[in-house]
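Colleague: I am attaching a structure below and will ask some questions about it afterwards.
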Amino acid sequence: MSWFLLFFALAVCLYTWVNLAFLPRLVAPVQPDSLAICIPLRNEERNVQKLLDSLEPALTQGMHVYLYEDRSTDRTRELLIERIGQDDRFTIIDGLPLPEGWAGKVHACHQLAQRTTEDHLLFLDADVTLTPDAICRLYGTLQKERAVFLSGFPSFPVPTFLGKCLIPMQHVLIAQHLPIPFRKVKHPAFAAANGMVVLVERHAYDQVGGHESIQSALVDDLELCRTFKRHGLTTTLVEVASAVSCDMYATNEEVWQGFLKNVFRGMNDSYTVGLYFLFFYLMQASILPFFIMQPSWQMGGALTLLYLARFRIDAAARIRHVWWLHPLATILYVVLLASAMIRSFRKREITWKG
1 MSWFLLFFAL AVCLYTWVNL AFLPRLVAPV QPDSLAICIP LRNEERNVQK
51 LLDSLEPALT QGMHVYLYED RSTDRTRELL IERIGQDDRF TIIDGLPLPE
101 GWAGKVHACH QLAQRTTEDH LLFLDADVTL TPDAICRLYG TLQKERAVFL
151 SGFPSFPVPT FLGKCLIPMQ HVLIAQHLPI PFRKVKHPAF AAANGMVVLV
201 ERHAYDQVGG HESIQSALVD DLELCRTFKR HGLTTTLVEV ASAVSCDMYA
251 TNEEVWQGFL KNVFRGMNDS YTVGLYFLFF YLMQASILPF FIMQPSWQMG
301 GALTLLYLAR FRIDAAARIR HVWWLHPLAT ILYVVLLASA MIRSFRKREI
351 TWKG
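Counting from 1, one number per residue, gives the positions in the sequence shown under this note's numbering.
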């Protein structure tokens, strides 16, 4: 068993390092002619100030920000009005009641797109922060990649315990499972996206039917990416952590519930795929216990290789001081995924922010 785990860890480590070598970095800033920044907000009072603080210096001529205030029950709308004032670079759109058959965020993004006329649309979550040159670098990278759809996984502040364990696993899944050299292959199986940061070319977005074509999708980012690929259009995934960060969840409960709603949906509710992921990460989780119970150079080598893989991932993701939690993170991920699979099997409803 020790030899098997050693070769397994070696394969994981080599694949991770080679795979991430193909993840494109953001290029130097390029000024877009016209670009709309589209942001849905629902009960985001804790993020409004930070969001606008980072957006304002990132805006250049030809950019406009559209904010969809989705009937928040907190002070989101009040804070937006107070902060924006008479700044004509921003437009607040009042949210509409959610129609039957639509997922909330998808409907919000559709309403945003309907109000824009710009040549490019940048969809952002309300909990992201940007560097001053982030938008122009995203646009320049889209042009260099010769794609019409660009996305990436931001860096993540991880203040809570579950956050430290589970939030960085998004980067782990991409590094250890998506064949990044084939990210542009026009087949839905190679789709990868993160709805926190999605930049699209307007004509292509309209051509595929936009968010209206994925009305009920709970994992809207992946479904939109798959839709682009089904239409034979080029999508790409790039490293955006150097310019974009996202403060996803403030509490352990939010971390758990937030990932519970999409961890299995992102696998298309496939129990075959889910079981593969359970087995893959159970293998990683077992290395540290085996090393403790039966110490040997093989198990020590396996553990070292596993940590080298995770260290490389966290370095690319600009996440520090959590790589050593990887064995525990994999155990928690397995529990999370198993819970989501059971929830799906029992057909329990999923809700988020109402």
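A virtual CB, placed ideally from N, CA and C, is assigned to each residue, including glycine.
1. Provide the residue span of the beta strand (DSSP E) that contains Glu56, from first to last.
2. Quick one: which unbroken alpha helix (DSSP H) runs of 4-plus residues sit fully inside the region 248-272? Chain order, please.
3. Hey, His171 and Ala302 are a contact pair by Cβ (cut 8 angstroms); roughly how many whole angstroms apart?
4. Given this structure, state the Cα-to-Cα distance separating Tyr15 from Gln176, to the nearest angstrom.
5. What is the DSSP secondary structure of Asp94, reduced to helix, strand or coil?
6. Which residue's Cα is closest to the Cα of Tyr276: Val322, Val334 and Ala315?
7. Report all residues from its chain with a CB closer than 7 angstroms to the CB of Pro132; omit the five preceding and five following residues, and keep chain order.
8. Does the distance from the C-beta atom of Tyr68 to that of Leu130 stay below 8 angstroms?
9. In the DSSP assignment, what are the bridge partners of His171?
10. I'd like to confirm the pairing. Which residues does DSSP put opposite His120 in its beta bridges?
11. I'd like to know whether the C-beta atoms of Tyr139 and Pro24 end up nearer to each other than 8 angstroms.
12. If you reduce the DSSP assignment to three classes, tell me which class Phe311 lands in.
13. Jot down the residue ranges of each uninterrupted beta strand (DSSP E) in the region 125-171, minimum 3 residues, whole runs only, in chain order.
14. Can you look up Val18 in the DSSP assignment and give me helix, strand or coil?
15. Across the region 100-108 and the region 212-224, are there enough close Cβ pairs to call them in contact, namely three or more that are closer than 8 angstroms?
16. May I ask you to check if the CB of Gly195 is nearer than 7 angstroms to at least one heavy atom of the ligand SAM?
17. Look at Gly195 and Phe123 and say whether their C-beta atoms are less than 8 angstroms apart.
18. Using 8 angstroms as the threshold, is the region 331-345 in touch with the region 177-185, meaning 3 or more CB pairs across them?
19. Are the region 1-15 and the region 280-289 touching by the rule of at least three beta carbon pairs closer than 8 angstroms?
20. Less than 6 angstroms between C-beta atoms, sequence neighbours within five positions excluded: which residues of the same chain meet that for Pro99?
21. Would you be able to state if there are at least three C-beta pairs under 8 angstroms between the region 156-174 and the region 75-95?
22. Three or more C-beta pairs closer than 8 angstroms, one from the region 147-156 and one from the region 245-258: is that the case here?
23. Pick from Leu233, Ile214, Met299 and Thr60: whose alpha carbon is nearest that of Arg146?
24. Under a Cβ-count criterion, where at least 16 other Cβ atoms within 10 Å of its own Cβ denotes burial, should Met299 be classed as buried or exposed?
25. So, under 8 angstroms CB-CB, Val18 and Thr141 are touching, yes? Tell me the CB distance rounded to an integer number of Å.
26. So, with DSSP's three-state summary, where would you put Val240?
27. Alpha carbon to alpha carbon, how far is Val322 from Tyr205?
28. Closest to Asn360 by CA distance: which of Ser34, Asp70 and Asp53 is it?
29. Rounded to whole angstroms, what is the Cα-Cα separation between Pro168 and Ile37?
Modeller: Taking the geometry as given:
1. Start at 1 with the first residue of the sequence shown, and residue 56 comes out as number 56. Run containing Glu56: none; DSSP gives neither H nor E here.
2. 252-260
3. Along the sequence shown, one-based indexing puts residue 171 at 171. Along the sequence shown, one-based indexing puts residue 302 at 302. With a Cβ gap of about 21 angstroms, His171 and Ala302 do not count as contacting.
4. One-based indexing of the sequence shown puts residue 15 at position 15. One-based indexing of the sequence shown puts residue 176 at position 176. Looking at the two C-alpha atoms, the distance is approximately 7 angstroms.
5. Numbered from 1 along the sequence shown, position 94 holds the residue referred to as residue 94. If DSSP states are grouped into helix, strand and coil, Asp94 belongs with the strands.
6. Start at 1 with the first residue of the sequence shown, and residue 276 comes out as number 276. The residue with the shortest Cα to Cα distance from Tyr276 is Val334.
7. The residue you call residue 132 lines up with position 132 of the sequence shown. The answer, listed in chain order, is Pro57 and Ala58.
8. Position 68 of the sequence shown, counted from the start, is the residue given in the question as residue 68. Position 130 of the sequence shown, counted from the start, is the residue given in the question as residue 130. In this structure, Tyr68 sits away from Leu130, with a CB-CB distance that is not shorter than 8 angstroms.
9. Within the sequence shown, the letter at position 171 stands for residue 171. His171 pairs with nothing; no bridge assigned.
10. Counting from 1 along the sequence shown, the entry for residue 120 is found at position 120. His120 is bridged by DSSP to Leu35 and Glu201.
11. By one-based count along the sequence shown, residue 139 stands at place 139. By one-based count along the sequence shown, residue 24 stands at place 24. Result no, Cβ atoms of Tyr139 and Pro24 do not sit closer than 8 angstroms.
12. In the sequence shown, counting from the first residue as 1, residue 311 sits at position 311. In the structure shown, Phe311 sits in a helix (DSSP, three-state: H, G or I).
13. 128-130 and 149-151
14. Numbered from 1 along the sequence shown, position 18 holds the residue referred to as residue 18. Secondary structure of Val18 (DSSP, three-state): helix.
15. yes
16. This structure does not include the ligand SAM; it has no bound ligands of any sort.
17. Locating residue 195 in the sequence shown gives position 195, where the first residue counts as 1. Locating residue 123 in the sequence shown gives position 123, where the first residue counts as 1. The answer is yes: Cβ separation under 8 angstroms.
18. Taking a contact to require three or more Cβ pairs closer than 8 angstroms, the region 331-345 and the region 177-185 do not qualify as touching.
19. yes
20. The residue given as residue 99 occupies position 99 in the sequence shown. Here the set comprises nothing.
21. Short answer: they don't touch.
22. As far as the Cβ criterion goes, the region 147-156 touches the region 245-258, which means the pair count is three or higher.
23. The residue labelled residue 146 in the question sits at position 146 within the sequence shown. Measuring from the Cα of Arg146, the nearest candidate turns out to be Leu233.
24. As a first step, residue 299 must be located in the sequence shown, where it is residue number 299. Counting Cβ neighbours within 10 Å, Met299 comes out buried, since at least 16 surround it.
25. As a first step, residue 18 is located in the sequence shown; it is residue number 18 there, counting from the start. As a first step, residue 141 is located in the sequence shown; it is residue number 141 there, counting from the start. Contact between Val18 and Thr141 is absent: CB atoms are separated by about 22 angstroms, not below the 8 angstroms threshold.
26. Position 240 of the sequence shown, counted from the start, is the residue given in the question as residue 240. Looking at Val240 - three-state DSSP - the assignment turns out to be coil, as it is neither helix nor strand.
27. Mapped onto the sequence shown, residue 322 falls at position 322. Mapped onto the sequence shown, residue 205 falls at position 205. C-alpha separation (whole angstroms): 37 angstroms.
28. In this structure the chain extends from 1 to 354, so residue 360 is not present and cannot be described.
29. Taking the first residue of the sequence shown as position 1, residue 168 is located at position 168. Taking the first residue of the sequence shown as position 1, residue 37 is located at position 37. Their backbone Cα atoms lie some 26 angstroms apart in a straight line.
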